[in-house]
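Enquirer:
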Amino acid sequence: KQEVTQIPAALSVPEGENLVLNCSFTDSAIYNLQWFRQDPGKGLTSLLLIQSSQREQTSGRLNASLDKSSGRSTLYIAASQPGDSATYLCAVCGNTPLVFGKGTRLSVIA
Amino acid sequence: KAGVTQTPRYLIKTRGQQVTLSCSPISGHRSVSWYQQTPGQGLQFLFEYFSETQRNKGNFPGRFSGRQFSNSRSEMNVSTLELGDSALYLCASSSHYTDTQYFGPGTRLTVL
Chain Y
8 KQEVTQIPAA LSVPEGENLV LNCSFTDSAI YNLQWFRQDP GKGLTSLLLI QSSQREQTSG
68 RLNASLDKSS GRSTLYIAAS QPGDSATYLC AVCGNTPLVF GKGTRLSVIA
Chain L
79 KAGVTQTPRY LIKTRGQQVT LSCSPISGHR SVSWYQQTPG QGLQFLFEYF SETQRNKGNF
139 PGRFSGRQFS NSRSEMNVST LELGDSALYL CASSSHYTDT QYFGPGTRLT VL
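Sequence order for the protein chains is Y and L. If you're matching positions, the first sequence starts at 8 in my numbering and goes up one per residue. If you're matching positions, the second sequence starts at 79 in my numbering and goes up one per residue.
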């Protein structure tokens, strides 16, 4: 059974800092890994999708990497801003739709 | 393109009642997945429909059911509500479940 773990559970950083969020999964038989953002009380916004054959994907200040063999992914956020404050969730897609981690709650302090 | 819409946005029910939630996917998307989000368990997959057929099902009791119509709109039903069913119910649509999933704003269900 696929299990997804995100560390840390919460993170607080000053504005402008670069940061890394971590995600690990137990079963490497995946189609893709997706990173989402969730604002309080809202739905999920898709940030990046990395196919199992890819190593990384970039969108603006966000860069996600995938190491399928070790079961790990990282989300790198450059030059963080207060508007980046949210919960970040990673999810893996395998034989069934998405299995989610519990998320990392990020606070960027101005 | 219009995003995924869910109705109603908020619901309050009492134990033992039943509830039906609705999801309208992005135009052209044939896959609709449902998820339950609670503070303790996080996001958990309920089921996925593609072209009116349930293709995947999560580990939830039979009180949770769903269906998909020919226009890809989907409904989920929870019968005999329990206090533990209080949660944010999210639906997501995609061209296929292995593609990027686009989530709706969710329905907040409170069971008293």
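In this text, a Cβ means the ideal position worked out from N, Cα and C, and glycines have one as well.
Confirm, please, whether the CB-CB distance from Leu51(Y) to Gln58(Y) is below 7 Å.
Expert: No, Cβ-Cβ distance for Gln58(Y) and Leu51(Y) is not below 7 Å.
Enquirer: Pull up the distance between the alpha-carbon of Val20(Y) and that of Gly78(Y), whole angstroms please.
Expert: Using only the alpha carbons, I get a separation of about 26 Å.
Enquirer: Judging by CA-CA distance, which residue of Lys8(Y), Leu105(Y), Asn102(Y), Cys97(Y) is the nearest neighbour of Asn29(Y)?
Expert: The shortest Cα separation from Asn29(Y) among Lys8(Y), Leu105(Y), Asn102(Y), Cys97(Y) belongs to Cys97(Y).
Enquirer: To which residues of the same chain is Ser109(L) closer than 6 Å at the C-beta, ignoring the five residues directly before and after it?
Expert: These residues qualify, in order along the chain: Phe128, Ser172, His174, Tyr175.
Enquirer: Between the stretch 144-155 of chain L and the stretch 103-115 of chain Y, do at least 3 Cβ pairs fall closer than 8 Å?
Expert: Cβ pair count under 8 Å is below three, so no.
Enquirer: Is the beta carbon of Arg93(L) closer than 7 Å to that of Leu159(L)?
Expert: Contact flag set, yes.
Enquirer: Which residues does DSSP list as the beta-bridge partners of Val97(L)?
Expert: Answer by DSSP bridge pairing, in chain order: Val156(L).
Enquirer: Given that a residue counts as buried once 16 or more other Cβ atoms are within 10 Å of its Cβ, and exposed if not, what is Gly184(L)?
Expert: Buried is the call here.
Enquirer: Can you confirm whether Gly50(Y), when its beta carbon is compared against all beta carbons of chain L, has any partner nearer than 7 Å?
Expert: Yes, contact with chain L.
Enquirer: Is Ser126(L) near Gln146(L), with beta carbons less than 7 Å apart?
Expert: Reading the sequence as shown, one finds Glu at residue 126(L) and not Ser. No, the Cβ-Cβ distance between Glu126(L) and Gln146(L) is not below 7 Å.
Enquirer: Three-state secondary structure (DSSP) at Pro21(Y)?
Expert: Looking at Pro21(Y) - three-state DSSP - the assignment turns out to be strand.
Enquirer: How should Thr33(Y) be labelled, buried or exposed, when 16 other C-beta atoms within 10 angstroms of its C-beta is the threshold for buried?
Expert: Result: exposed.
Enquirer: Kindly list the residues whose CB is nearer than 7 Å to the CB of Ala117(Y), restricted to its own chain and excluding five residues on each side of it in sequence; keep chain order.
Expert: So the list reads Glu22, Pro89, once near-sequence residues are dropped.
Enquirer: I'd like to know whether the C-beta of Pro89(Y) is nearer than 7 Å to at least one C-beta of chain L.
Expert: Not one chain L Cβ lies under 7 Å of Pro89(Y).
Enquirer: Using the rule of at least 16 other Cβ atoms within 10 Å of the residue's Cβ for burial, across every protein chain shown, is Asn39(Y) buried or exposed?
Expert: So Asn39(Y) ends up on the buried side.
Enquirer: Can you tell which of Arg133(L), Gly162(L), Ala170(L) has the C-alpha that lies nearest to the C-alpha of Arg141(L)?
Expert: The candidate whose alpha carbon is nearest that of Arg141(L) is Gly162(L).
Enquirer: Compute the beta-carbon to beta-carbon distance between Gln41(Y) and Leu56(Y), rounded to the nearest angstrom, for a pair I have assumed lies under 8 Å.
Expert: Gln41(Y) to Leu56(Y), Cβ: 5 Å. Contact.
Enquirer: Residues bridged to Ser92(Y) by DSSP?
Expert: According to DSSP, which records beta bridges pairwise, Ser92(Y) is partnered with nothing at all.
Enquirer: Work out the CA separation of Ser143(L) and Ser114(Y) for me, nearest whole Å.
Expert: Spanning the two alpha carbons is a distance of roughly 37 Å.
Enquirer: If contact means a Cβ-Cβ distance below 7 Å, which residues of the stretch 102-126 of chain L contact chain Y?
Expert: Residues Ser111, Gly120, Leu121, Phe123, Glu126.
Enquirer: Is the beta carbon of Ala170(L) sitting closer than 7 Å to the one on Ser111(L)?
Expert: Cβ distance < 7 Å, so Ala170(L) and Ser111(L) count as in contact.
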